[in-house]
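Peer 1:
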Amino acid sequence: MAITHILITGANGQLGHEMRHVLANDQRFDAIFADVAGDNVTRLDITDETAVEQMVAEHHITMIVNCVAYTAVDAAEDDEPMASRLNCEAVGILARVAKRHGARMVHVSTDYVFDGQSCAPYREDHSTNPQSAYGRTKLDGERLLLDTLGDDAVVLRTAWLYSPYGKNFVKTMIALGKTKPALKVVFDQVGSPTCARDLARAIVTIITADEWHSGIYHYSNEGVISWYDFAIAIHRLAGITGCNVQPCHSDEFPAKAHRPAYSVLDKTKFKATFGTTVPYWLDSLNDTIKTLLTVNS
């Protein structure tokens, strides 16, 4: 059995943690888990091309999975150059190094590359039209990767990511639900949540397929809900009964960055290409909350 020498960047983030979990006992991989800082990872600054070059050469890397992103959506409006450094320039560095070493790359992108004005799930060939600095820099990163690596690149767009790690909507709603008597959550933004462990498994599906299928794919959990519906489900599954969650409009919570009103991703291409199914959002949410409650009990 051939061993894939794989580099996972952003190993301390939500998706990176789940990649560590999914690959932990997989004998098909010799994995390097890297991040700019933190324990139990290899230190690597992906904005340093010399450092990336050395890492890829020393470990004979044949596959890169980039889980790094500047995801502070509102902060990006004030510092687009910094967002671009991680979301675009660093992607270019990884792609150039991969090209020099004959490696392939999977890069995770976002629903924010669309304007959110659709009324049907976004396909991969739908026209992009980002409305925020975050969305613009992520789209620039996609294009730079595909222009550099071509058929050796996969872009995997996702949305509403959550996990037991880091900061995310699920953990925030649980924390607020335990401490606040009431909450308002927007009901006029609609999408599909993504469990980071499911996304990690999807990435493994891509890189272990019998044939390499390059290009752009969409992945989130099945189903369509609003943030309000999501919050209600989180509280119910977490056993939170003392917080009154009320729906509200987005304009009651003005923000610097535009949020897509509709960001449902069409997974047809992914499912057909890789011959797989996608878990329903409520099932995956239930599994994640069980993990959170076990860890915190």
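Number 263 in the working numbering belongs to position 260 of the sequence shown; there are no gaps in the numbering. Ideal Cβ positions, reconstructed from N, Cα and C, are used throughout, including at glycine.
Could you check what DSSP says for residue 265 in three-state terms: helix, strand or coil?
Peer 2: Reading the sequence shown from its first residue, position 262 is the one you call residue 265. Here residue 265 sits in strand by DSSP.
Peer 1: By alpha-carbon positions, which one of 88, 202, 114 and 168 ends up nearest to residue 147?
Peer 2: Counting from one through the sequence shown, the residue named residue 147 turns up at place 144. Of the listed residues, the one whose Cα sits closest to residue 147 is 88.
Peer 1: On a CA-only basis, which of 223, 203 and 204 is nearest residue 194? Give me that one, please.
Peer 2: Within the sequence shown, the letter at position 191 stands for residue 194. Nearest C-alpha to residue 194: 223.
Peer 1: Would you tell me roughly how many angstroms separate the C-alpha atoms of residue 267 and residue 31, rounded to the nearest one?
Peer 2: Here residue 267 refers to the residue found at position 264 when the sequence shown is read from its first residue. Here residue 31 refers to the residue found at position 28 when the sequence shown is read from its first residue. Each residue's Cα considered, the two are about 33 Å apart.
Peer 1: Can you give me the Cβ contacts of residue 201 inside the same chain, cut-off strictly under 7 Å, excluding the 5 residues immediately before and after it?
Peer 2: Within the sequence shown, residue 201 is the residue found at index 198, counting from 1. Cβ neighbours of residue 201 beyond the five flanking positions: 224, 282 and 287.
Peer 1: Just confirm the distance between the C-beta atoms of residue 109 and residue 209, as a whole number of angstroms; I'd bet it's less than 8 Å.
Peer 2: As a working note, residue 109 is residue 106 in the sequence shown. As a working note, residue 209 is residue 206 in the sequence shown. The pair is a contact, with the Cβ atoms about 6 Å apart (cut-off 8 Å).
Peer 1: Three-state secondary structure (DSSP) at residue 99?
Peer 2: Sequence index remark: in the sequence shown, residue 99 carries index 96 (1-based). Looking at residue 99 - three-state DSSP - the assignment turns out to be helix.
Peer 1: So which of 13, 64 and 58 has the shortest CA-CA distance to residue 70?
Peer 2: Taking the sequence shown and counting its residues from 1, one reaches residue 70 at position 67. Nearest C-alpha to residue 70: 13.
Peer 1: Taking only the alpha-carbon atoms, compute the straight-line gap between residue 131 and residue 118 and give it to the nearest angstrom.
Peer 2: By 1-based counting over the sequence shown, the position of residue 131 is 128. By 1-based counting over the sequence shown, the position of residue 118 is 115. In a straight line, the C-alpha of residue 131 is about 7 Å away from that of residue 118.
Peer 1: Should residue 215 be labelled buried (16 or more other beta-carbon atoms within 10 Å of its own) or exposed?
Peer 2: Counted from its first residue, the sequence shown places residue 215 at position 212. With fewer than 16 Cβ atoms within 10 Å of its Cβ, residue 215 is classed as exposed.
Peer 1: Give the straight-line distance between the Cα atoms of residue 124 and residue 61, rounded to the nearest whole angstrom.
Peer 2: The residue labelled residue 124 in the question sits at position 121 within the sequence shown. The residue labelled residue 61 in the question sits at position 58 within the sequence shown. Roughly 43 Å separates the two Cα atoms.
Peer 1: Please report the residue range of the beta strand (DSSP E) in which residue 160 lies.
Peer 2: Numbered from 1 along the sequence shown, position 157 holds the residue referred to as residue 160. Residues 156-161.
Peer 1: Taking the CB atoms as reference points, tell me whether residue 203 and residue 165 lie closer together than 8 Å.
Peer 2: In the sequence shown, residue 203 corresponds to position 200, counting from 1. In the sequence shown, residue 165 corresponds to position 162, counting from 1. Result no, Cβ atoms of residue 203 and residue 165 do not sit closer than 8 Å.
Peer 1: Which full runs of the beta strand (DSSP E) of 3+ residues lie inside the region 222-264, going along the chain?
Peer 2: The region 222-264 contains these whole beta strand (DSSP E) runs: 247-251.
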